[in-house]
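Scroll down for the structure; my scribbles are underneath it.
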Amino acid sequence: MKPLDRILLVDDDAVTNMMHRRVIERSGRAAAVDVATDGQEALDIIRADLAADRALPELIFLDINMPGMGGFEFLEHYAKLDIQSDTHLIIVMLSTSLLRSDHDRAEADPNVYSFCDKPLRLEKLLELVSGFQKRRDAQRPAA
Amino acid sequence: MSSYVSFPQDASLDAIQSGVKAGSEQRLSIDRVARLMPGFVYVFNHQTFSNDYTNRSVGEHLGYSSEEIRAFGSSMMMQVIHADDQHLLEGHMARIGQLADEQTATLEYRVNTKQGTQLWLRSVDTVFDRTDDGSVLRHIGVATDITAEKNAGLALTRLNAELEQKVAKRTKDLARLNVALEDRIDARTAELQEAVDELEQLTYIATHDLKVPINNLSRLGLMLINGGENLTHEQLEQIGWMNRCTDQLSAKIQGLVLAAQIRLTNGLPREMLKLVECVNDCVTRVGESKGRLKLPVTVDIAPDLVVHFARFELESILFSLLDNAVKYAEPSRPLEIRIQAEEIDGNIALTVSDNGTGVDPVRDAQKVFGLFQRAHKTPAGSGISLYCAQRMLQRRGGAVSLTGARAQGAQFTILIPTKEETNEAA
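Residue numbers (our numbering), protein chains in the order written: chain R, 241 to 383; chain A, 1199 to 1624.
Set out below in structure tokens:
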């Protein structure tokens, strides 16, 4: 299957970002990896894509606790962006948070595809990518 | 009482007051006045100890016939005046004997009616005439039925007494409830204290015990790199990341130890501290910590303003606030810091204002004061100092609050109570 064009990592922890980038690069399932170190930077990237009429990242891994704009605040702003309904993009919340309330809040957000533990494992990445592709193919009109 | 010695007689006022010289019309008028006057008018003779005049029979008013009254004879007073009030008569008579002309003496007393009910009367007496030696020969008086007002007064007194009883009972109930409530609060406080102590002990032990394996991990990482001639570039890089994680872990644990240790400063004694001196010392210390930098700080604090606080804690709080103001300077404009303080409503309020990168009081408050949380991405920080500052203030009845706006600056205000107050559970 053709790899994804772009994955966006949103996390303030540098080592976590390097590890995730390596897992993704080794999997060969994404052509490019972008990194934002808080919600604001991620929003800036998406807004720039929209403004330039570029394709958005297909998969966003979003941390919850970050200095500046955290994951949930990012989701509030993301919901207000003018993103077309046929855009194929999934957001996966990445956290080690043990708080039940964090899980509930993430699951209640319609823009959150799923919730998974940090650090990201290869198997989980493959599962998410293939889940995304099946979903995209199901939504596409039959060629 | 004189008015009750009510011999049936028809003496008229003019007959006994021989000195009155008046026409027949006026005599008739005085008679009418006396007869129609509501209440009993009487003239009592101190020599015969009986009434020389009454305008109507008190006895009849009380339900006794003329015959019955006659039958009472000289025991009339004893018959009609309430037994409990008879002792008042002697004193009243003595008082009348001492009256100057136109002075009055008043007495309120109960009388028994034939029907067995009680009436209250009020007699107001004054001297009518005197003997040659000046002593009182007769007094004139008027007695009024005050049963209604007396009963109302008595009812009021009774109600008051009942009310007082109720209040006393309610007060007692409340006192009992208060004691019960205090007992419950004490018990709950003790439970909470125990939980807090246990939690902090746990944190302390855990963090200390965790340090050994972390230090070992850190050492092993270095050993791997030092002996890693045969490792690939990628493997070396990963070992580098591992060591960074170890450092992060070590820093977090150090933070937890610091936060847990705040409790250990609990017993530090409060001192009377001159605020302006503490602030100036702190400005110097923060400047030194930034490489002997002369800080752009304006201090506006009255020289005699003192706070009652633990010196170490106050210095630590001031250092955090000032250090943050310097750390989060906005690079595009020269930093300005202003520190001012005043006494407001029983608190010393000290504000540190800056024109730095700023914070949003609503969005950022939780991150600013939360343990390991930070409102800014850069520069790096541990998210510990303001958490500790807040805890130290709250524990001694104080507070810290935040105003300002992102990109415009921040104002941190701390409140320190001027009077003793502790909040040990905070």
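Even for Gly, the Cβ is constructed at its ideal location relative to N, Cα and C.
Neighbour-count burial assignment, residue i, 16 or more Cβ in a 10 Å radius
i	result
A:ASP1250	buried
A:LYS1565	buried
A:ASN1414	exposed
A:VAL1365	exposed
A:MET1291	buried
A:GLU1477	Per the sequence shown, the amino acid found at residue 1477 of chain A is Val instead of Glu. So A:VAL1477 ends up on the buried side.
A:LEU1400	exposed
A:LEU1516	buried
A:HIS1406	exposed
A:ALA1508	buried
A:PHE1242	buried
A:PHE1567	buried
A:PHE1326	buried
R:PHE372	buried
A:MET1276	exposed
A:ILE1383	exposed
R:LEU299	buried
R:ILE286	buried
A:SER1227	exposed
A:THR1369	exposed
A:ASP1371	exposed
Residue closest to residue i, alpha-carbon to alpha-carbon, out of the options
i	options	result
A:GLY1581	A:ILE1535, A:THR1329, A:HIS1259, A:GLY1453	A:GLY1453
A:ARG1589	A:SER1273, A:ALA1578, A:ARG1604, A:LEU1569	A:LEU1569
A:ARG1336	A:PRO1411, A:ILE1294, A:GLY1595	A:ILE1294
A:GLY1544	A:GLY1351, A:LYS1617, A:LEU1317, A:MET1470	A:LYS1617
A:ILE1542	A:GLY1596, A:LEU1429, A:LEU1520, A:ASP1552	A:GLY1596
R:PHE312	R:VAL275, R:VAL332, R:ARG294	R:VAL332
A:ASN1553	A:ASN1243, A:THR1601, A:SER1321, A:GLY1332	A:THR1601
A:ALA1578	R:ARG246, R:ASP293, R:MET306	R:MET306
A:GLN1313	A:ILE1344, A:VAL1325, A:HIS1259	A:HIS1259
R:LYS358	R:ALA271, R:VAL273, R:ASP289, R:PHE301	R:PHE301
R:ASP303	R:ASP293, R:ARG287, R:LEU315, R:ALA292	R:LEU315
A:THR1342	A:GLU1266, A:ASP1384, A:MET1235, A:ILE1423	A:MET1235
A:GLU1347	A:LEU1319, A:GLY1426, A:ASP1395, A:ARG1233	A:LEU1319
A:LYS1575	R:PHE355, R:ALA272, R:GLY308, R:THR256	R:GLY308
A:MET1625	A:GLY1438, A:HIS1431, A:LEU1408, A:VAL1410	Residue 1625 of chain A lies beyond the residue range present for chain A, which begins at 1199 and ends at 1624; the question has no answer from this structure.
R:MET241	R:LEU339, R:ASN351, R:ILE323, R:ALA271	R:ALA271
R:ILE323	R:ASP274, R:LYS374, R:ALA291	R:ALA291
A:ASP1180	A:HIS1244, A:THR1252, A:GLY1257, A:THR1246	A question about residue 1180 of chain A goes unanswered here, because the residues of chain A that appear run from 1199 up to 1624.
R:ALA254	A:CYS1443, A:ASP1395, A:GLU1540	A:CYS1443
C-alpha distance - residue i paired with residue j, whole-angstrom precision
i	j	result
A:MET1274	A:GLU1362	40 Å
A:ALA1220	A:ALA1359	Annotation note: pLDDT 49 at A:ALA1220 (below 50); position unreliable, coordinate value reported separately. Using only the alpha carbons, I get a separation of about 55 Å.
R:SER335	R:TYR353	14 Å
A:SER1263	A:ALA1269	10 Å
A:GLU1546	A:LEU1584	The residue asked about is misnamed: residue 1546 of chain A is Ile in this sequence, not Glu. Cα to Cα, the separation comes out at about 19 Å.
R:LEU360	A:ASN1522	34 Å
A:PRO1467	A:ARG1490	31 Å
R:LEU283	A:ALA1563	22 Å
R:SER370	R:THR327	17 Å
A:LEU1434	A:GLU1398	39 Å
A:ILE1499	A:VAL1550	12 Å
A:ASP1502	A:LEU1471	10 Å
A:SER1333	A:THR1311	34 Å
A:GLU1288	A:SER1321	14 Å
R:ASP377	R:LYS320	26 Å
A:GLN1538	A:LEU1548	6 Å
A:GLU1486	A:CYS1480	10 Å
A:VAL1598	A:ASP1445	31 Å
A:LEU1390	A:PHE1510	26 Å
A:ILE1460	A:CYS1586	7 Å
A:ILE1338	A:ARG1356	35 Å
A:THR1668	A:ASN1349	Residue numbering for chain A in the displayed model covers 1199 to 1624; residue 1668 of chain A lies beyond these limits and cannot be assessed.
R:TYR318	A:LEU1456	37 Å
A:GLY1257	A:ILE1267	6 Å
Contact belief for residue i with residue j at Cβ below 8 Å, rounded distance in angstroms
i	j	result
A:ASP1323	A:ALA1303	5 Å
A:ARG1604	A:VAL1560	Actually they are not in contact, since the Cβ atoms of A:ARG1604 and A:VAL1560 sit about 11 Å apart, beyond 8 Å.
A:VAL1505	A:LEU1512	7 Å
A:VAL1340	A:PHE1238	7 Å
R:LEU296	R:LEU329	5 Å
A:ARG1308	A:GLN1316	5 Å
A:LEU1520	A:VAL1474	Not quite, the Cβ-Cβ distance comes to about 14 Å (not below 8 Å), so this is no contact.
A:ASN1441	A:GLY1426	Incorrect: roughly 12 Å between the Cβ atoms, too far for contact.
A:ILE1451	A:LYS1409	6 Å
Exercise for the section: Tell me, please, whether the region 241-252 of chain R touches the region 266-281 of chain R by the rule of three or more beta-carbon pairs shorter than 8 Å. Expected result: Flag = yes, the region 241-252 of chain R and the region 266-281 of chain R touch.
Handout entry: Given 8 Å, three or more beta-carbon pairs between the region 256-267 of chain R and the region 356-374 of chain R
Key = Counting C-beta pairs closer than 8 Å gives three or more between the region 256-267 of chain R and the region 356-374 of chain R, which meets the contact rule.
Problem - Cβ contact check for the region 1533-1541 of chain A and the region 1491-1498 of chain A: 3 or more pairs under 8 Å - result: yes
Problem - Stretch pair the region 344-353 of chain R + the region 1599-1615 of chain A: three plus CB contacts closer than 8 Å - result: no
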